[in-house]
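What follows is a short report on a single structure.
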Amino acid sequence: MTPSSEPSFRDSVELMYSRAVKLTELSPGLEEKIRVCNATYTVRFGVRLRGKIHTFTGYRAVHSEHMEPVKGGIRFAMSVNQNEVEALAALMTFKCALVETPFGGSKGGLCIDPREWEDHELEQITRRFAYELAKRDLIHPSQNVPAPDMGTGEREMAWIADQYARMNTTDINSRACVTGKPINAGGIQGRTEATGRGVEYALQEFFRYPEDIAKAGLSGTLKGKRVIVQGLGNVGYHAAKFLAEEDGCLITAIIERDGAIHDEAGIDVEDLRKWIGDHGGVEGYPKGKYVKNGASALEYDCDILIPAALEGVINLENAANIKAPLIIEAANGPVTAGADEILRGKGTVIIPDLYANAGGVTVSYFEWVKNLSHIRFGRMEKRQEEAQHRLLVEELERLSADKELGWELSADFKDKFMKGAGELELVRSGLDDTMRTAYQAMRKVWHERDDVEDLRMAGYLVAIERIAASYRAKGL
Ligand code: GLU
Numbered sequence: 030m031t032p033s034s035e036p037s038f039r040d041s042v043e044l045m046y047s048r049a050v051k052l053t054e055l056s057p058g059l060e061e062k063i064r065v066c067n068a069t070y071t072v073r074f075g076v077r078l079r080g081k082i083h084t085f086t087g088y089r090a091v092h093s094e095h096m097e098p099v100k101g102g103i104r105f106a107m108s109v110n111q112n113e114v115e116a117l118a119a120l121m122t123f124k125c126a127l128v129e130t131p132f133g134g135s136k137g138g139l140c141i142d143p144r145e146w147e148d149h150e151l152e153q154i155t156r157r158f159a160y161e162l163a164k165r166d167l168i169h170p171s172q173n174v175p176a177p178d179m180g181t182g183e184r185e186m187a188w189i190a191d192q193y194a195r196m197n198t199t200d201i202n203s204r205a206c207v208t209g210k211p212i213n214a215g216g217i218q219g220r221t222e223a224t225g226r227g228v229e230y231a232l233q234e235f236f237r238y239p240e241d242i243a244k245a246g247l248s249g250t251l252k253g254k255r256v257i258v259q260g261l262g263n264v265g266y267h268a269a270k271f272l273a274e275e276d277g278c279l280i281t282a283i284i285e286r287d288g289a290i291h292d293e294a295g296i297d298v299e300d301l302r303k304w305i306g307d308h309g310g311v312e313g314y315p316k317g318k319y320v321k322n323g324a325s326a327l328e329y330d331c332d333i334l335i336p337a338a339l340e341g342v343i344n345l346e347n348a349a350n351i352k353a354p355l356i357i358e359a360a361n362g363p364v365t366a367g368a369d370e371i372l373r374g375k376g377t378v379i380i381p382d383l384y385a386n387a388g389g390v391t392v393s394y395f396e397w398v399k400n401l402s403h404i405r406f407g408r409m410e411k412r413q414e415e416a417q418h419r420l421l422v423e424e425l426e427r428l429s430a431d432k433e434l435g436w437e438l439s440a441d442f443k444d445k446f447m448k449g450a451g452e453l454e455l456v457r458s459g460l461d462d463t464m465r466t467a468y469q470a471m472r473k474v475w476h477e478r479d480d481v482e483d484l485r486m487a488g489y490l491v492a493i494e495r496i497a498a499s500y501r502a503k504g505l
């Protein structure tokens, strides 16, 4: 039954969990254990800035510790509250289980508008927040490993890593206390774009299955598909850019804070991103049509809708008007439980958040492993691989010459074939494999079980079974 009023974000996630768990054989005790958020720490701290003390409120929620460390981003936004971080922490638990990153779920947030502060002020605030969390092991390489989220990025992660290292001077693994760091502070190639890249890989995988494409009432490949993207932040920007540049999609609308740009001929993502950087919004962009009421563009006709910003943007008010037959949730929780039901009723296929945006935590996992192993991926193998491939190419060329076969390997082939995989290639390969494998696990449940209507339920079921198995293995 569709809820008559919109539940909170946390209730929305719980409703989705409840719908899924009904389809399992879990004992009521275990069902409850997986549902509840284990702990949420609230901190209020003061920082002296601009001649007076400012008090900030922050949170770190730990949803499930069936695996440790627990993992999840830290968000900087005025809208942050306990309810939100708990919902996001729960999603992290299910997300990590679905893509098999060996973590429990956590999430943090600080109520702050980062744009109101100078860089050095933000650094002081971030370091102080990190200090408060680290001294309670809520930042710790083996206990709790934050990452970027809305309003935070590499820079904040570098401050957090440094703060932790200052507090733990003899911890050789201190860099593994946080992921999403810049390369020079222990980060990994490909982390910044990982979530957007994951969205692209998820769509590529979806489009490998004609039955799944047909369920969405679509046909063909990604090429030429008309895509609407809501939010041109880190995730939306990278997803839109890769889909346009590499998969031949047409980005027909981009929705931002101050309105939307609509252009059926396709928007130049890079160009619009630059415009936003220079002008602070999309208004005035000379190409396409500017639409003041950005949210109305969610309802435009298209093939694929990518909400890549805040939670709850597709809700009881607009769900019935959404025309996209396929929605991929690049954001966390962009479709409320009520909207989800309306969309299911209409036959809309939703590739759910716990899968669709898991590229970020997947590459975070690679970064954490890199930090713990203290060596960059590919450092030992790359040249050895190149030498092997060179041997093969030379042998083929020798054979061709000896036997006068007249074979000639193209320069392009030789270049590509002889290049050993470096860190970026390995990260992409690992991410692609993760996105494919998780989708296959989900679609198997989707297609094989009559009681499973949608991919979201399938994703939850795969995740819940794995979490339950870990709890059982612990003897719970
Ligand atoms: N904040 C991201 C998410 O919601 C990344 C979390 C991580 O890398 O730990 O999935």
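Heads up, the sequence shown is in our numbering, so the first residue is 30 and it goes up one at a time.
Every residue gets a Cβ at the ideal spot worked out from N, C-alpha and C, and that includes glycine.
Are the segment 196-210 and the segment 125-132 in contact at 8 Å, needing three or more beta carbon pairs?
no
For the ligand GLU, is there any heavy atom lying closer than 8 Å to the beta carbon of A106?
no
Using a Cβ-Cβ cut-off of 7 Å (strictly less than) and excluding sequence neighbours within five positions of I496, which residues of its own chain qualify?
I63, S93, H95, T122 and A126
Selection from P381, H403 and L455 that minimises the alpha carbon distance to A487
P381
Examine the ligand GLU and report whether any of its heavy atoms sits within less than 8 Å of the Cβ of M464.
no
What ranges does the beta strand (DSSP E) occupy inside the segment 198-282, keeping only unbroken runs of at least 3 residues that lie completely in it?
255-259
Give me the Cα-Cα distance between A231 and I356, rounded to the nearest whole angstrom.
12 Å
For the beta strand (DSSP E) containing P36, name the first residue and the last one.
Careful: P36 lies outside any beta strand (DSSP E) and carries neither H nor E.
Exposure label - G435; buried when at least 16 CB within 10 Å:
exposed
Going straight from the alpha carbon of T463 to that of G225, what length do you get?
14 Å
Is E482 buried or exposed, if buried means 16 or more other CB atoms sit within 10 Å of its CB?
exposed
Could you tell me how far apart the beta carbons of V114 and T53 are, in whole angstroms, since I believe they sit closer than 8 Å?
About 26 Å; that fails the 8 Å criterion.
Straight-line gap, T208 to P170 (C-alpha atoms, nearest Å):
10 Å
Bounding residues of the alpha helix (DSSP H) (the contiguous stretch that carries L455)
E452 to E477
Taking three-plus beta-carbon pairs below 8 Å as touching, is the segment 78-93 in contact with the segment 131-139?
yes
With distances taken Cα to Cα, identify the nearest neighbour of V256 among C278, F271 and H267.
C278
Could you give the C-beta distance for L120 and V42, rounded to a whole number, given that I count them as a contact under 8 Å?
6 Å
Return yes when at least one heavy atom of the ligand GLU lies under 8 Å from the C-beta of D178, else no.
yes
If you count every other CB in all the chains shown that lies within 10 Å of the CB of N361, and 16 or more means buried, which is it?
buried
Hey, would you say the C-beta of L127 is under 8 Å away from at least one heavy atom of the ligand GLU?
no
Spatial neighbours of A461 within its chain, please: CB distance less than 7 Å, with the 5 preceding and 5 following residues excluded, ordered by chain position.
The question names Ala, but residue 461 in the sequence shown is Asp. Contacts found: Y230.
Can you name the start and end residues of the alpha helix (DSSP H) that T155 belongs to?
D148 to A163
Near Q111, what residues of its chain come up, given a Cβ to Cβ distance below 8 Å and the 5 sequence neighbours on each side ignored?
T69, T71, Y88 and A90
Simplified DSSP state of H403, which is helix, strand or coil
coil
Proximity winner among L301, Y394, R373 and S47, relative to I493 (alpha-carbon distances)
S47
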